[in-house]
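Everything on this sheet refers to the single structure shown next.
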Amino acid sequence: MKNLDFLAIGDITTDAFIRLKDASVNCDLNHEHCKLCVSFGDKIPYEFVEVVRAVGNSPNAAVSASRLGLKAGLVTNIGNDQNGAECLEVLKKENLDTQYVTRHKEMETNYHYVLWYEAERTILVKHQSYPYRLPDIGSPAWLYLSSLGNNTLGYHEEIVAYLEKHRDIKLAFQPGTYQINLGYEKLKRLYARTEVFIANKEEADRVLGKKHDDIKTLLTAIQNLGPKLVLVTNGPKGSYFFDGKNFWFMPPYPDPKPPYERTGAGDAYASTFVSALALGKTAEEALRLAPINSMSVVQQIGAQKGLLSRSDLEKLLSKAPNDYQFKKI
Numbered sequence: 488m489k490n491l492d493f494l495a496i497g498d499i500t501t502d503a504f505i506r507l508k509d510a511s512v513n514c515d516l517n518h519e520h521c522k523l524c525v526s527f528g529d530k531i532p533y534e535f536v537e538v539v540r541a542v543g544n545s546p547n548a549a550v551s552a553s554r555l556g557l558k559a560g561l562v563t564n565i566g567n568d569q570n571g572a573e574c575l576e577v578l579k580k581e582n583l584d585t586q587y588v589t590r591h592k593e594m595e596t597n598y599h600y601v602l603w604y605e606a607e608r609t610i611l612v613k614h615q616s617y618p619y620r621l622p623d624i625g626s627p628a629w630l631y632l633s634s635l636g637n638n639t640l641g642y643h644e645e646i647v648a649y650l651e652k653h654r655d656i657k658l659a660f661q662p663g664t665y666q667i668n669l670g671y672e673k674l675k676r677l678y679a680r681t682e683v684f685i686a687n688k689e690e691a692d693r694v695l696g697k698k699h700d701d702i703k704t705l706l707t708a709i710q711n712l713g714p715k716l717v718l719v720t721n722g723p724k725g726s727y728f729f730d731g732k733n734f735w736f737m738p739p740y741p742d743p744k745p746p747y748e749r750t751g752a753g754d755a756y757a758s759t760f761v762s763a764l765a766l767g768k769t770a771e772e773a774l775r776l777a778p779i780n781s782m783s784v785v786q787q788i789g790a791q792k793g794l795l796s797r798s799d800l801e802k803l804l805s806k807a808p809n810d811y812q813f814k815k816i
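Numbering of the sequence shown is given in the numbering used here, commencing with residue 488 and proceeding in unit increments.
Next up, the structure:
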């Protein structure tokens, strides 16, 4: 088979969104370290549940790339159960190459519960301990690596060894919780091989082990780990980009109405940026496209329903207000 334009590696899951009403959020004086609170030992009513299949950082990115016109695929693991079968069916409907989806007998497919209150979510996660192995993936133009379960350090070493033998493959790295918690030292070969690093500001600070008030210092510190291009998002405040020479700020695309549910906003942003590069766009052009898909996703439930086609993305770009421009900082 022909090599893919975009191949994502990461865990897949089903998300069950539980819409809460009788809850509250408690934060400290700096509006940090917030906690979702419900009555302990009580019966908590919920509004409804919506089940969303075949999601996760990397599946979301693969679906995003496919809808934008790239030949995309996914390397992931599922169990021999109904959840796995339904996840696989969704991937096929999204025109993804599924030859690298491994099904494990006598194992379950990941299933997460999303406690959804107002526009934010708290996710109860459980990653199955699959016997991770990297298949022969050929030479995709871009490899997109994101969230994997615990105890996958050996798998990461296998991935970076493959990348070191295939220098033509470009790597986009959007680290998940386990990868951040591993620390830089254990993944330094991976960081050194990274073309594009994407994370939100809190995640980038955690990668570096300290909080940075100055965004230029943060971007520079991440690039010093090895990535050529660094993209750091900051929620509704916009995003920041560093190419080794210039620092850029990109504002958010204006919301048509208040966000409905924010799951997948970061995945949409990151994957659209990388997909735009894979489509031959410049980094500056990619910066203008990425916030649009993120805006669209938060208007829907789940990480994939709002992902746009390339034509819809470009149509919204043509309607952007005059102040929707990146600028040097």
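Every residue, glycine too, gets a C-beta built ideally from N, C-alpha and C.
Starting from residue i, follow the beta strand (DSSP E) in both directions and report where the run begins and ends.
| i | result |
| --- | --- |
| A659 | K657 to F660 |
| V562 | A559 to G566 |
| R506 | T500 to L507 |
Identify, in the order they occur along the chain, each residue of the same chain with its Cβ nearer than 6 angstroms to the Cβ of residue i, setting aside the five sequence neighbours on each side.
| i | result |
| --- | --- |
| T501 | R540, N570 and Y598 |
| L695 | A708 |
| F660 | L632, T681 and F684 |
| P778 | P739 and Y740 |
| S726 | T720 and M737 |
| V785 | P746, R749 and A752 |
If you check the beta carbons only, do residue i and residue j fall under 9 angstroms apart?
| i | j | result |
| --- | --- | --- |
| I816 | K715 | no |
| S783 | A755 | yes |
| G560 | R590 | no |
| V512 | Y604 | yes |
| K558 | L491 | yes |
| L640 | L602 | no |
| L494 | L630 | yes |
| S796 | G556 | yes |
| T596 | I496 | no |
| R554 | L776 | no |
Roughly how many whole angstroms lie between the Cα atoms of residue i and residue j?
| i | j | result |
| --- | --- | --- |
| K814 | W735 | 5 angstroms |
| R620 | N809 | 48 angstroms |
| V525 | E772 | 44 angstroms |
| P627 | H614 | 27 angstroms |
| A686 | N564 | 24 angstroms |
| E801 | N780 | 10 angstroms |
| K732 | V717 | 11 angstroms |
| T609 | K522 | 9 angstroms |
| E534 | G528 | 19 angstroms |
| L837 | P532 | The requested residue 837 is not part of the displayed model; the chain covers only 488 to 816. |
Can you name, in chain order, every residue of its own chain whose Cβ lies under 8 angstroms from the Cβ of residue i, other than the five neighbours on each side?
| i | result |
| --- | --- |
| V536 | A503, F504, I505 and R506 |
| A606 | P745, P746, Y747, E748, R749 and V785 |
Can you give me the start and stop residues for the alpha helix (DSSP H) that residue i sits inside?
| i | result |
| --- | --- |
| I667 | T664 to L669 |
Spatial neighbours of residue i within its chain, please: C-beta separation below 7 angstroms, excluding the five flanking residues on both sides.
| i | result |
| --- | --- |
| L674 | H643 and Q666 |
| D568 | E595 and T596 |
| D655 | S626 |
| Y671 | Y678, V694 and L712 |
(request) Please list the segments of the beta strand (DSSP E) lying wholly inside the segment 550–636, counting only runs of 3 or more residues, in order along the chain. (result) Counting only runs of 3 or more, we get 559–566, 588–591, 598–604, 607–611 and 629–632.
(request) Counting only runs of 4+ residues fully inside the segment 705–789, write out the alpha helix (DSSP H) ranges in chain order. (result) If we require 4 residues or more, the alpha helix (DSSP H) runs fully inside the segment 705–789 come out as 752–765 and 770–784.
(message) Please give me, in chain order, every unbroken run of the alpha helix (DSSP H) with length at least 4 that falls completely inside the segment 789–814.
(response) Counting only runs of 4+ residues, the alpha helix (DSSP H) found wholly inside the segment 789–814 occupies 797–805, in chain order.
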